[in-house]
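Undergrad:
Number of protein chains: 2
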Amino acid sequence: MSEKKEAIKQNAIDLFYKKGYFATSIGDIARPTGIRKSSIYYHYQNKEDILFDILKTTMLDLDRSLEEHIEGVDDPEQKMRSAITSHIIFHIERQKEVIISDSELRGLSLENYKAITKMRDKYEHKFQALIKNGIQKQVFVDYDFKIISYGILTMCTAVALWFRPKGRLPKREIAEMYTDFIIDGLKKKHDRQRSSASKKGRG
Amino acid sequence: MSEKKEAIKQNAIDLFYKKGYFATSIGDIARPTGIRKSSIYYHYQNKEDILFDILKTTMLDLDRSLEEHIEGVDDPEQKMRSAITSHIIFHIERQKEVIISDSELRGLSLENYKAITKMRDKYEHKFQALIKNGIQKQVFVDYDFKIISYGILTMCTAVALWFRPKGRLPKREIAEMYTDFIIDGLKKKHDRQRSSASKKGRG
DNA sequence: GTCTATAGATGGATAGAC
DNA sequence: GTCTATCCATCTATAGAC
């Protein structure tokens, strides 16, 4: 990808994050790039094409981060810890892009929408497999693994919404706190059981 | 509020939820209401006014639900349980409106934006007070109560994003599962401590 | 309270010169 | 690869009749 195209993409990320996709015009993107709006069309087919480029790259990088973090880890608890850490750190470091990914899917055509949600679903399934594995190995409480995976992922995804680079706590500490909280909620305690009567007798 | 105005509001909710605020035109809202787009302006000053009406009502109702749920409950754990239940059930029953509330704040002028975020902040502070109280009474682990409150709230807020009325589990069961998970993660265990070395020595 | 008609502005996208 | 110029569609909002 050419340097100019990269610049357009980065300016689009800044603007889609700050103003939203629909409220950002091609002219808005062209201005900080130092070119006229018509020149954008030399690099991208249309406005949606820019959005799609951002979303696709983000999903690919997110997935790669997960794979790198869990590679070679066998213990179910440690593997889940690594996965959560990867997710949180990525959502802090790529704050703008993941917020766009979570809020601007409506800007995509049906075809592109399907492509992105397919990637997202595959990513989510990897998390669900980790939880399912922990439950089967009797390390985790037998929650409904799909429902609980939504909760865990969204809780970590939302870090991107409130994290401030100059905030009180460093990213590693936030990632550790959330990982502790989640693993503590997931782990089976051998001296006691869940207090609620809603516990399921699956498996 | 007149019946016609209510109808306009409800159609706006449906459309803002499905297409987004910026992608919805005044004409789109007028059509299912059975009037022409110019007639909308008899009931509302402008497009933003409709959005603001929706957001304000939603925040007021959300806050009232919380107050009703925790009223008269004294035990810190039970109070937190009631608060979480209120939040989840509301986000399931008012799915469309809360999703609009979480994604369309950019459609507001600065003044209206401040009014809504002020209400939201007050609501969040009530949750933080519950967690803080539980920590002080030594019922909850001494996590950073602000950071952990973000995680808890967003995890429950996100239920609105994936919940399907005809889905596998009824709303009460989902609320119970999440409440168990969160309380379990929050509660102090008298026979063991957090495994991580990151535990803070505040208080 | 709703209508028709239209002002007034903006934005995505293309044509064609350089 | 970038420019100027422009087409065309769309949208918010208002004016004024009924």
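Those sequence lines, one after another, are chains A and B.
In terms of the working numbering, the first sequence opens at residue 297 and continues consecutively.
In terms of the working numbering, the second sequence opens at residue 297 and continues consecutively.
Backbone N, C-alpha and C define an ideal beta-carbon position, used for all residues, glycine too.
Note that the coordinates shown come from a computational prediction; the quantities given were computed from them, not determined experimentally.
DSSP state of B/Lys483, grouped into three classes?
TA: strand
Undergrad: Give every residue of the same chain whose Cβ lies closer than 8 Å to the Cβ of A/Leu426, excluding the five residues on either side of it in the sequence, and list them in chain order.
TA: Ile366, Pro372, Lys375, Met376 and Ala379
Undergrad: Using the C-alpha atoms, what's the distance from A/Ile322 back to B/Phe441?
TA: 42 Å
Undergrad: Measure the alpha-carbon distance for B/Leu401 versus A/Phe348 and round it to whole angstroms.
TA: 23 Å
Undergrad: May I ask which residues mark the beginning and end of the alpha helix (DSSP H) holding B/Thr354?
TA: Note, B/Thr354: alpha helix (DSSP H), Lys343 to Ile366.
Undergrad: Report the three-state DSSP secondary structure of A/Phe436 (helix, strand or coil).
TA: strand
Undergrad: Can you tell me whether DSSP reads A/Leu449 as helix, strand or coil?
TA: helix
Undergrad: Return no unless some Cβ of chain B is closer than 8 Å to the Cβ of A/Gly316.
TA: Yes, A/Gly316 counts as interfacial toward chain B.
Undergrad: Please classify B/Glu407: is it buried, with 16 or more other beta-carbons within 10 angstroms of its beta-carbon, or exposed?
TA: exposed
Undergrad: Output needed in chain order: residues of the segment 315–343 of chain B with a Cβ under 8 Å from some Cβ in chain A.
TA: Lys315, Gly316, Phe318 and Ala319
Undergrad: Could you tell me the boundaries of the alpha helix (DSSP H) in which A/Glu302 lies?
TA: Glu299 to Lys315
Undergrad: Helix, strand or coil: which one does DSSP assign to A/Phe423?
TA: helix
Undergrad: Measuring only between beta-carbons, confirm whether B/Ile427 sits less than 8 Å from chain A.
TA: no
Undergrad: Measuring straight from C-alpha to C-alpha, what distance separates A/Gln306 and A/Ile336?
TA: 13 Å
Undergrad: Flag this pair as yes or no: are the beta carbons of B/Ile309 and B/Lys392 separated by less than 8 Å?
TA: yes
Undergrad: Given that a residue counts as buried once 16 or more other Cβ atoms are within 10 Å of its Cβ, and exposed if not, what is B/Met297?
TA: exposed
Undergrad: Give, in chain order, every residue of the segment 437–457 of chain B whose Cβ lies closer than 9 Å to some Cβ of chain A.
TA: Val437, Tyr439, Asp440, Lys442, Ile443, Ile444, Tyr446, Gly447, Ile448, Leu449, Thr450, Met451, Cys452, Thr453, Ala454, Val455 and Leu457
Undergrad: For A/Met473, which option in B/Leu482, B/Met473, B/Glu302 and B/Glu363 has the closest C-alpha, if you only look at C-alpha atoms?
TA: Looking at the Cα atoms, B/Leu482 is the closest of the given residues.
Undergrad: Taking CB distances under 8 Å as the criterion, tell me whether A/Ser494 reaches chain B.
TA: Note that A/Ser494 scores 42 on pLDDT, short of 50, meaning its location in the model is unreliable and no value can be drawn from it.
Undergrad: Three or more beta-carbon pairs under 8 Å between the segment 380–390 of chain B and the segment 351–366 of chain B, yes or no?
TA: yes
Undergrad: Grab the span of the alpha helix (DSSP H) containing A/Phe459 for me, first residue to last.
TA: Premise fails: A/Phe459 is in no alpha helix (DSSP H) and is neither H nor E.
Undergrad: Quick check on DSSP: helix, strand or coil for B/Leu404?
TA: coil
Undergrad: Cutting at 6 Å between CB atoms, please list the residues of its own chain near B/Ile412, excluding the five before and the five after it.
TA: Leu351
Undergrad: A/Val437 and A/Lys484 look like a contact to me (Cβ under 8 Å); what is the Cβ gap, rounded to whole Å?
TA: Contact between A/Val437 and A/Lys484 holds: their C-beta atoms lie close to 5 Å from each other, under 8 Å.
Undergrad: Tell me the DSSP secondary structure of A/Arg377 in three-state form.
TA: helix
Undergrad: Just reading off the alpha helix (DSSP H) that A/Val394 is part of, what are its end residues?
TA: Gln391 to Ser399
Undergrad: For A/Gly497, I'd like the list of residues in its chain whose CB is within less than 6 Å of its CB, leaving aside the five on either flank, ordered along the chain.
TA: Because A/Gly497 carries a pLDDT of 37, less than 50, the predicted location of this residue cannot be relied on, and the following value inherits that uncertainty. Answer for A/Gly497: no residue qualifies.
Undergrad: Quick one: is A/Met297 near chain B, going by C-beta distance under 8 Å?
TA: no
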